[in-house]
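Trainee: Protein chains in written order, with the numbering used here: chain A, 208 to 439; chain B, 208 to 439; chain C, 208 to 439; chain D, 208 to 439.
Cβ coordinates follow ideal geometry from the N, Cα and C atoms, glycine included.
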DNA sequence: TATGAATGAGTGTTCATTCAT
DNA sequence: TATGAATGAACACTCATTCAT
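1. Can you confirm whether residue 281 (chain A), when its beta carbon is compared against all beta carbons of chain B, has any partner nearer than 9 angstroms?
2. Throw me the rounded Cβ distance for the residue 325 (chain B) and residue 290 (chain B) pair, which I believe falls under 8 angstroms.
3. Short of 8 angstroms in beta carbon distance, which residues of its chain neighbour residue 380 (chain A), apart from the five on each side in sequence? Order them along the chain.
4. Grouping DSSP H, G and I as helix and E and B as strand, with all else coil, what is residue 309 (chain A)?
5. Please report whether the beta-carbon of residue 315 (chain A) lies at a distance below 9 angstroms from any beta-carbon of chain B.
6. Which bits of chain B does residue 386 (chain A) rub up against, with CB to CB less than 7 angstroms?
7. Along the chain, which unbroken stretches of the alpha helix (DSSP H) at least 4 residues long are found entirely within the segment 221–305 of chain D?
8. Is there a C-beta anywhere in chain A that falls below 9 angstroms from the one on residue 416 (chain B)?
9. Taking residue 406 (chain D) and residue 378 (chain C) to be in contact with their CB atoms under 8 angstroms, please state how far apart those CB atoms are, rounded to whole angstroms.
10. Between residue 392 (chain D) and chain C, is the shortest Cβ-Cβ distance under 9 angstroms, so that the two count as touching?
11. Rounded to the nearest angstrom, what separates residue 395 (chain B) and residue 389 (chain B) at their Cα positions?
12. DSSP on residue 397 (chain D), reduced to helix/strand/coil?
13. DSSP three-state label for residue 365 (chain C), please.
14. Please list, in chain order, the chain B residues whose beta carbon lies closer than 8 angstroms to that of residue 251 (chain A).
15. Among A:408, A:295 and A:287, which one has its Cα closest to the Cα of residue 330 (chain A)?
16. Comparing C-alpha positions only, which one of A:276, A:246 and A:242 sits nearest to residue 255 (chain A)?
17. With 9 angstroms set as the bound, which would you pick, yes or no: does the beta-carbon of residue 397 (chain A) sit closer than that to a beta-carbon of chain B?
18. Between D:310, D:317 and D:332, which has its C-alpha nearest residue 281 (chain D)'s C-alpha?
19. Could you compute how far the alpha carbon of residue 239 (chain A) sits from the alpha carbon of residue 230 (chain A)?
20. Less than 6 angstroms between C-beta atoms, sequence neighbours within five positions excluded: which residues of the same chain meet that for residue 414 (chain B)?
21. Using three-state DSSP, classify residue 333 (chain D) as helix, strand or coil.
22. Would the beta-carbon of residue 393 (chain D) fall within 9 angstroms of that of residue 319 (chain D)?
23. So residue 153 (chain C) and residue 264 (chain C) are in contact, right, with Cβ under 8 angstroms, and what is the actual spacing, rounded?
24. Taking buried to mean at least 16 other C-beta atoms within 10 Å of its own C-beta, is residue 308 (chain A) buried or exposed?
25. For residue 345 (chain B), which residues of its own chain have a beta-carbon under 7 angstroms away from its beta-carbon, when the five flanking residues on both sides are left out?
26. Mind checking whether residue 363 (chain D) and residue 300 (chain D) have CB atoms under 9 angstroms apart?
27. Does any residue of chain B bring its CB to less than 9 angstroms from the CB of residue 410 (chain A)?
28. With distances taken from CA atoms, which of B:412, B:338 and B:371 is nearest residue 249 (chain A)?
29. Looking at residue 242 (chain D): is its Cβ nearer than 9 angstroms to the Cβ of residue 328 (chain D)?
30. Do you know how far the Cα of residue 302 (chain C) is from the Cα of residue 385 (chain D)?
31. Could you tell me whether any Cβ in chain B is nearer than 9 angstroms to the Cβ of residue 347 (chain A)?
32. Please tell me whether residue 358 (chain A) has its Cβ less than 9 angstroms away from any Cβ of chain B.
33. In three-state terms, what does DSSP make of residue 340 (chain C)?
34. Consult DSSP for residue 351 (chain A) and reduce its assignment to one of helix, strand or coil.
35. Is it buried or exposed, residue 340 (chain B), if we count other Cβ atoms within 10 angstroms and call 16 or more buried?
36. In or out: residue 227 (chain A) buried (at least 16 other Cβ within 10 Å) or exposed?
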């Protein structure tokens with residue numbers, strides 16, 4: 208469940224033409240430059256001029272491959288969405304034991320990797336600005352695919368019912384997304400593995416384990432020889 | 208732990224002058240208009256022209272009270288920050304029992320209310336764009352104050368050590384912030400109370416309760432008459 | 208039936224605002240500048256920059272009063288159309304005698320004056336480029352209003368039937384329009400009065416007088432004491 | 208007196224080289240494509256890209272045969288000019304009788320045919336834009352050749368004097384040119400033969416017949432047994 | 001001879017900010 | 001204190017023309 212961007216699809220103008228090796232290379236340079244520039248400036252502040260300079264090419268060439276700035280962004284975004292959806296599909300059942308915890312940790316680590324590669328784009332597409340446009344719609348669908356995958360596994364593990372599971376899926380995804388955003392934007396700077404450990408634990412305990420009775424309650428139950436519990 | 212923007216500080220130009228009642232009123236109209244417009248358009252897409260029209264005043268007047276667009280935004284932001292910091296201060300100890308859970312629920316509900324009132328601003332100030340500027344610095348400080356408060360209470364409850372607690376505080380805040388963002392931007396639309404229940408549960412179980420042994424382990428322990436937990 | 212532009216209406220953005228005297232003046236400067244520049248460069252070659260410099264104002268100001276280059280052009284065009292339509296309305300019956308000929312001459316002279324004032328715009332709006340747009344539609348309507356007026360008077364004078372009259376109206380207008388265009392574009396340079404005389408004569412003899420029998424025929428007829436004739 | 212572009216001269220780059228059959232074919236494809244595209248878009252709106260696509264060839268190839276867009280246009284224009292000049296030469300004396308009228312009708316029909324084939328080009332070259340350049344000069348010369356031919360025949364028929372004849376020639380040509388333009392640009396859509404009839408009549412009566420006395424005058428003259436006419 | 005790719009000067013337009021009244 | 005008008009730097013995008021293969 209790895210990460211490298213691999214397969215950005217390219218913008219509308221380019222799709223209409225057959226690309227020769229040279230063209231393909233230029234387009235890739237532009238995509239890479241776009242990623243770099245969007246990363247450091249954000250979508251708005253990014254100037255086509257910056258992208259073009261980074262890609263060591265010209266303005267005209269840019270518009271040979273992409274209809275406009277948003278088109279390049281969209282190309283990068285679709286890549287990220289594909290990764291997101293694959294990530295969702297790759298989430299297996301999380302059992303409430305060490306096996307489940309380990310599986311979850313691996314999955315969380317994948318999330319962190321993908322976010323490292325596509326975070327810029329992911330952050331931007333949730334902007335109010337894109338909400339109306341096609342991109343925003345598809346982006347949301349991608350996110351919902353991911354939270355949906357989480358919801359299903361949560362419900363599987365704890366039988367909380369569809370509605371509750373849905374909310375929990377979003378809450379879980381929220382934590383993962385935002386934490387990585389803070390990390391990536393260097394507003395915080397935690398150790399990579401420690402962060403994964405914490406996230407894993409929080410997700411595991413917060414979403415995949417049945418609710419624990421509070422200690423006092425537990426003590427009483429043990430005395431009586433009781434089992435487990437599941438409140439809302 | 209409510210919300211109304213009690214104390215907007217006003218832009219530089221205004222601060223240098225003593226405001227008479229009429230001026231005060233105009234300024235308030237501009238602040239309100241700013242909130243409205245930033246809310247519906249976001250900081251970038253918001254035009255000074257929109258704000259001015261909404262406030263039923265003129266461009267010239269705008270710059271009588273605020274040094275520039277960002278200055279008005281900053282005024283709104285400082286309001287939100289104050290609320291955030293107060294919210295942090297209001298978080299008491301969360302004990303691992305029903306009392307703690309209820310206290311937490313109340314606090315989460317406060318968070319939701321404050322986010323409803325200041326979300327737009329909160330969302331925007333985490334933008335990469337502001338990172339460098341003064342506003343960004345202070346905004347981050349506010350956020351860290353909040354996550355710091357969480358960290359302290361988490362460490363208090365589970366003794367996980369400073370570093371781990373810090374990470375957990377951020378993770379917890381991430382979940383709260385992003386979930387509310389999704390909710391507010393209408394990308395999702397869950398029932399208000401159900402959402403608070405879920406968030407409370409996730410925070411409580413995920414951060415304030417000691418780790419549970421997985422069922423199998425637990426059974427063994429119970430037989431032996433064993434006690435506590437296994438942190439990350 | 209005179210000419211001076213008098214009343215250009217101004218573009219969309221300006222119509223939405225109440226204009227104070229100063230604004231009104233600036234707008235008029237822009238309209239005048241537009242006329243001047245379109246005159247010497249044509250619509251395409253005309254640069255907004257040229258107009259703005261001619262009007263001694265700034266780019267920003269231009270877009271305060273007009274949505275874009277075409278909008279300014281349209282404002283000028285509507286003025287010209289109004290003149291055209293008024294000219295059409297002012298064409299009285301042309302009797303096949305000296306009275307009619309004199310009335311026609313006056314009218315032709317009016318046409319020449321109006322063309323001198325609005326020719327640039329008139330020329331441009333028949334461009335294929337505008338055909339599709341709203342402007343083109345309205346422009347054509349104006350032209351047709353004028354040729355329609357001619358048609359009616361022609362039919363009145365010679366009873367040629369609606370279809371034929373319609374064609375003749377267009378033919379007549381064609382001659383007037385194009386002749387003046389050549390004159391104005393300095394591709395030719397004839398004496399003003401001589402030109403009016405020729406045009407008047409051609410229109411009068413070509414469209415408003417009953418067909419003459421050729422001399423040979425006429426001689427025969429006179430001998431027999433005959434009257435007039437009307438072939439196709 | 209028909210039309211096909213017999214002798215397109217070819218652009219500068221091509222003129223310097225001897226063209227082999229394949230090259231000749233490619234060049235013809237480009238000329239045809241140019242005509243088509245200029246026809247539907249006009250000179251300005253026509254994109255080299257459109258021409259190239261229509262000709263199913265490439266940008267590079269275009270500039271192998273033509274120095275630039277105007278060069279291709281010029282090639283087409285010279286063709287049209289040749290036709291115009293031939294048309295002028297083909298205008299025989301127009302006698303003020305049925306014979307003359309019939310000869311004129313044939314000639315007008317030729318004009319209509321030629322305009323149908325070359326109208327786009329003819330329209331464009333009168334644009335202010337070309338006025339200065341070489342093309343504009345030569346185009347005007349062509350037009351003047353045609354109007355000159357008309358002038359001579361008019362003077363021949365009515366002895367109006369050189370100056371007046373010159374003006375009349377231009378007026379006559381104006382009518383023919385513009386009427387056909389309106390027709391071709393689909394701003395009007397008259398029956399082909401009816402249009403030719405009307406044009407013929409207008410030209411014949413308006414330019415080639417001696418002025419008719421108005422009915423009243425005529426009646427008086429006939430009584431006295433009088434003869435001819437009274438020019439402007 | 002042919003082609004797809006590259007170029008970059010040129011243009012229309014926006015909008016935060018300043019000015020004059 | 002208020003306002004409409006003015007400004008111009010900044011930016012996205014186009015397209016005729018040239019280049020490398």
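Mentor: Checking against the coordinates, here is how it stands:
1. Stepping through the first chain from its first residue, residue 281 (chain A) is reached at position 74. No, residue 281 (chain A) lies away from the interface with chain B (no Cβ there is under 9 angstroms from its Cβ).
2. As a working note, residue 325 (chain B) is residue 118 in the second chain. As a working note, residue 290 (chain B) is residue 83 in the second chain. Their Cβ separation, rounded to whole angstroms, is 6 angstroms, which keeps residue 325 (chain B) and residue 290 (chain B) in contact under 8 angstroms.
3. Your numbering for residue 380 (chain A) matches position 173 in the first chain. Excluding residues within five positions, the ones whose Cβ falls inside 8 angstroms are 350, 353, 354 and 357.
4. Stepping through the first chain from its first residue, residue 309 (chain A) is reached at position 102. In the displayed model, residue 309 (chain A) falls within a helix according to three-state DSSP.
5. Translated into positions along the first chain, residue 315 (chain A) becomes position 108. With its beta carbon at least 9 angstroms from every one in chain B, residue 315 (chain A) lies outside the interface.
6. Locating residue 386 (chain A) in the first chain gives position 179, where the first residue counts as 1. Simply 377, 378 and 381.
7. List check, alpha helix (DSSP H) in window: 228–252, 255–261, 266–272 and 276–296.
8. Residue 416 (chain B) sits at position 209 when you count from the first residue of the second chain. Closer than 9 angstroms: yes.
9. Taking the first residue of the fourth chain as 1, we reach residue 406 (chain D) at position 199. Taking the first residue of the third chain as 1, we reach residue 378 (chain C) at position 171. 6 angstroms between Cβ atoms; contact.
10. Walking along the fourth chain from the start, residue 392 (chain D) turns up at place 185. At least one CB atom of chain C sits nearer than 9 angstroms to the CB of residue 392 (chain D).
11. On the second chain, position 188 is the one that residue 395 (chain B) refers to. On the second chain, position 182 is the one that residue 389 (chain B) refers to. Rounded to whole angstroms, the separation of the alpha carbons of residue 389 (chain B) and residue 395 (chain B) is 6 angstroms.
12. In the fourth chain, counting from the first residue as 1, residue 397 (chain D) sits at position 190. Residue state, collapsed to three classes: coil.
13. Along the third chain, read from residue 1 onward, the residue named residue 365 (chain C) stands at position 158. DSSP places residue 365 (chain C) in helix when its eight states are reduced to three.
14. Looking up residue 251 (chain A) in the first chain gives position 44. Residues of chain B passing the Cβ test: 251 and 336.
15. Within the first chain, the letter at position 123 stands for residue 330 (chain A). When the alpha-carbon of residue 330 (chain A) is set against those of A:408, A:295 and A:287, the nearest one is in A:287.
16. Locating residue 255 (chain A) in the first chain gives position 48, counting from the first residue. Looking from the CA of residue 255 (chain A), the closest CA among A:276, A:246 and A:242 belongs to A:276.
17. Numbered from its first residue, the first chain carries residue 397 (chain A) at position 190. With 9 angstroms as the cut-off, residue 397 (chain A) counts as an interface residue toward chain B.
18. For the purposes of this step, residue 281 (chain D) is taken as residue 74 along the fourth chain, with counting starting at 1. In terms of CA proximity to residue 281 (chain D), D:332 leads the group D:310, D:317 and D:332.
19. For this step, residue 239 (chain A) is matched to residue 32 along the first chain. For this step, residue 230 (chain A) is matched to residue 23 along the first chain. Roughly 14 angstroms between the two C-alpha positions.
20. Working through the second chain from its first residue, we reach residue 414 (chain B) at position 207. The residues 361, 375 and 379, in chain order, have a CB closer than 6 angstroms to that of residue 414 (chain B) in the same chain once the five nearest residues on each side in sequence are set aside.
21. On the fourth chain, position 126 is the one that residue 333 (chain D) refers to. In the three-state DSSP reduction, residue 333 (chain D) falls in the coil class, being neither helix nor strand.
22. Within the fourth chain, the letter at position 186 stands for residue 393 (chain D). Within the fourth chain, the letter at position 112 stands for residue 319 (chain D). In this structure, residue 319 (chain D) does not lie closer than 9 angstroms to residue 393 (chain D) by Cβ.
23. Chain C is shown only over 208 to 439; residue 153 (chain C) falls outside these bounds and no answer can be derived.
24. As a first step, residue 308 (chain A) must be located in the first chain, where it is residue number 101. For residue 308 (chain A), the number of other beta carbons within 10 angstroms of its own is at least 16, and it is reported as buried.
25. The residue labelled residue 345 (chain B) in the question sits at position 138 within the second chain. Hits under 7 angstroms: 288.
26. For the purposes of this step, residue 363 (chain D) is identified with residue 156 of the fourth chain, where counting begins at 1. For the purposes of this step, residue 300 (chain D) is identified with residue 93 of the fourth chain, where counting begins at 1. Against a cut-off of 9 angstroms, the Cβ pair of residue 300 (chain D) and residue 363 (chain D) comes out as a contact.
27. Sequence index remark: in the first chain, residue 410 (chain A) carries index 203 (1-based). Residue 410 (chain A) belongs to the set of residues whose beta carbon lies under 9 angstroms from a beta carbon in chain B.
28. Start at 1 with the first residue of the first chain, and residue 249 (chain A) comes out as number 42. Answer by Cα proximity: B:338.
29. Residue numbering aside, residue 242 (chain D) sits at position 35 when the fourth chain is read from its first letter. Residue numbering aside, residue 328 (chain D) sits at position 121 when the fourth chain is read from its first letter. At the C-beta level, residue 242 (chain D) and residue 328 (chain D) come within 9 angstroms of one another.
30. To locate residue 385 (chain D), count along the fourth chain from 1; it is residue 178. To locate residue 302 (chain C), count along the third chain from 1; it is residue 95. Rounded to whole angstroms, residue 385 (chain D) to residue 302 (chain C) spans 26 angstroms at the Cα level.
31. Taking the first chain and counting its residues from 1, the one referred to as residue 347 (chain A) is at position 140. At least one chain B Cβ lies under 9 angstroms of residue 347 (chain A).
32. Reading the first chain from its first residue, position 151 is the one you call residue 358 (chain A). So, not an interface residue.
33. The residue given as residue 340 (chain C) occupies position 133 in the third chain. When secondary structure is reduced to three states using DSSP, residue 340 (chain C) falls in the coil class, being assigned neither helix nor strand.
34. Working through the first chain from its first residue, we reach residue 351 (chain A) at position 144. In this structure, residue 351 (chain A) counts as helix in the three-state DSSP scheme.
35. Position 133 of the second chain, counting from 1, holds the residue named residue 340 (chain B). Counting Cβ neighbours within 10 Å, residue 340 (chain B) comes out exposed, since fewer than 16 surround it.
36. For this step, residue 227 (chain A) is matched to residue 20 along the first chain. Exposed: under 16 other Cβ atoms inside 10 Å.
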